[in-house]
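Working notes, structure below.
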Ligand code: SAH
């Protein structure tokens, strides 16, 4: 399949109804990979033929839409309590590769990271960039949304839009298997997971989550997993079980 490049719309100029000219970082990337006139490459979701290679731009002629691949069959929303920078970056990247659709970072009482409004905006943009790059690297043709940071109480409202949300709670003994079977039997395809921070959830927060009808508390076993381990463990199981 023609190698894929993700180009911001602002860097794409239409020359005529079949021809575009692109600028920006991906031009260098195309050059470094020694592409030349006549090569077929994918720009976002369309396949083009290179018709002109210039120093700062590449001119391409549209051929056809790229086959949609790598798009998960289900919408999984992951509510991740904010972790320290490198851990959160790692978690977002891996969650995208495994197949999450939406990431909602949130702040609960035990979150160590403190960010002011400007800091939150910058952090969110960085996480969105990591998600976009992970999408490209793993060949997903869809895009991932990293939502604005929520406060814990806002998460309690936000989860209501989903059919079922698995709340991974370190102090729980409740069976994950039962909930997975329920998701499969009901053919739910709009589900969520909730993972706490390094410091976990307070009992009060856990009780508030358990009060939600569509939130089901689940154990990931008798060992206490690091947040990023727990997140990827649960996400992997869910994606595997929900995909046909
Ligand atoms: N500091 C807490 C653990 C927090 S682990 C303690 O020592 O008890 C970070 C998050 O990973 C938890 O909030 C939970 O969402 C998830 N997690 C870790 N181990 C888990 C387990 N065995 N079962 C369910 N969730 C778990």
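Residue numbers (the working numbering): 7 to 250. Cβ coordinates follow ideal geometry from the N, Cα and C atoms, glycine included.
So within the stretch 39-95, which uninterrupted alpha helix (DSSP H) runs reach at least 4 residues, ignoring any that extend past its ends? none
In DSSP terms, what residue 218 is bridged to: Translated into the one-based positions of the chain shown, residue 218 becomes position 212. In the DSSP output, where bridge partners are listed per residue, residue 218 has none listed.
Which residue or residues does DSSP assign as beta-bridge partners of residue 172? Position 166 of the chain shown holds residue 172. According to DSSP, which records beta bridges pairwise, residue 172 is partnered with 199 and 222.
When you measure from the CB of residue 186 to every non-hydrogen atom of the ligand SAH, does any distance come out below 7 Å? By one-based count along the chain shown, residue 186 stands at place 180. Not under cutoff, so the answer is no.
Bridge partners for residue 20 per DSSP, in chain order? As a first step, residue 20 must be located in the chain shown, where it is residue number 14. Bridge partners of residue 20: 26.
Under 8 Å, do residue 174 and residue 244 count as touching if we go by C-beta distance? Mapped onto the chain shown, residue 174 falls at position 168. Mapped onto the chain shown, residue 244 falls at position 238. No, they are not a contact pair.
Note down the Cα distance separating residue 77 from residue 249, rounded to an integer number of angstroms. Indexing the chain shown from 1 puts residue 77 at position 71. Indexing the chain shown from 1 puts residue 249 at position 243. For residue 77 and residue 249, the distance between alpha carbons rounds to 11 Å.
Touch test, the stretch 144-163 against the stretch 102-115, Cβ-Cβ under 8 Å, three pairs minimum: Yes: the two stretches touch, three or more of their Cβ pairs being nearer than 8 Å.
Using a beta-carbon distance below 8 Å, is residue 13 in contact with chain D? Going by chain labels, chain D is absent from the structure shown, which holds only one protein chain.
Where does residue 235 fall in DSSP's three states? Along the chain shown, read from residue 1 onward, the residue named residue 235 stands at position 229. Residue state, collapsed to three classes: helix.
Please report how far the alpha carbon of residue 214 lies from the alpha carbon of residue 133, in whole angstroms. For the purposes of this step, residue 214 is taken as residue 208 along the chain shown, with counting starting at 1. For the purposes of this step, residue 133 is taken as residue 127 along the chain shown, with counting starting at 1. Whole-angstrom Cα-Cα distance: 28 Å.
Got a sec: does the ligand SAH put a non-hydrogen atom nearer than 7 Å to the Cβ of residue 225? To locate residue 225, count along the chain shown from 1; it is residue 219. Checking every heavy atom of the ligand SAH against the Cβ of residue 225, one is found closer than 7 Å.
How would you write the range of the alpha helix (DSSP H) that residue 12 sits in, first residue to last? Translated into the one-based positions of the chain shown, residue 12 becomes position 6. Premise fails: residue 12 is in no alpha helix (DSSP H) and is neither H nor E.
Whose C-alpha, out of 84, 64 and 47, is nearest the C-alpha of residue 20? Mapped onto the chain shown, residue 20 falls at position 14. The closest CA to that of residue 20, considering only 84, 64 and 47, is found on 64.
Rounded to the nearest angstrom, how far is the Cβ of residue 69 from that of residue 53, given a contact under 8 Å? On the chain shown, residue 69 is found 63 positions in, with the first residue counted as 1. On the chain shown, residue 53 is found 47 positions in, with the first residue counted as 1. Confirmed, Cβ separation roughly 5 Å.
At which residues does the alpha helix (DSSP H) containing residue 189 begin and terminate? As a first step, residue 189 must be located in the chain shown, where it is residue number 183. Taken as a continuous stretch (DSSP letters only), the alpha helix (DSSP H) holding residue 189 covers 182-191.
Select from 9, 49 and 43 the residue whose C-alpha is nearest the C-alpha of residue 15. As a position in the chain shown, residue 15 is number 9, starting the count at 1. Closest option to residue 15, Cα to Cα, is 49.
For residue 32 and residue 8, which I take to be in contact (beta-carbon distance under 8 Å), what is that distance rounded to the nearest angstrom? In the chain shown, residue 32 corresponds to position 26, counting from 1. In the chain shown, residue 8 corresponds to position 2, counting from 1. That pair is no contact at about 14 Å.
In the DSSP assignment, find the beta strand (DSSP E) that holds residue 161 and state where it starts and stops. Residue mapping note: residue 161 aligns to position 155 of the chain shown, counting from 1. Element bounds for residue 161: not the beta strand (DSSP E) but the alpha helix (DSSP H), 158-164.
Straight-line CA distance for residue 247 to residue 150? Sequence index remark: in the chain shown, residue 247 carries index 241 (1-based). Sequence index remark: in the chain shown, residue 150 carries index 144 (1-based). The alpha-carbon of residue 247 is positioned some 21 Å away from that of residue 150.
Per-residue burial, residue 190 [other beta carbons within 10 Å of its own, 16 or more giving buried]: Position 184 of the chain shown holds residue 190. Result: exposed.
Is there at least one non-hydrogen atom of the ligand SAH closer than 7 Å to the beta-carbon of residue 229? Position 223 of the chain shown, counting from 1, holds the residue named residue 229. For the ligand SAH, at least one heavy atom lies less than 7 Å from the Cβ of residue 229.
What are the start and end residues of the beta strand (DSSP E) that includes residue 109? Taking the chain shown and counting its residues from 1, the one referred to as residue 109 is at position 103. Here the beta strand (DSSP E) through residue 109 covers 108-113.
Beta-carbon gap between residue 182 and residue 221 smaller than 8 Å: Within the chain shown, the letter at position 176 stands for residue 182. Within the chain shown, the letter at position 215 stands for residue 221. No, Cβ-Cβ distance for residue 182 and residue 221 is not below 8 Å.
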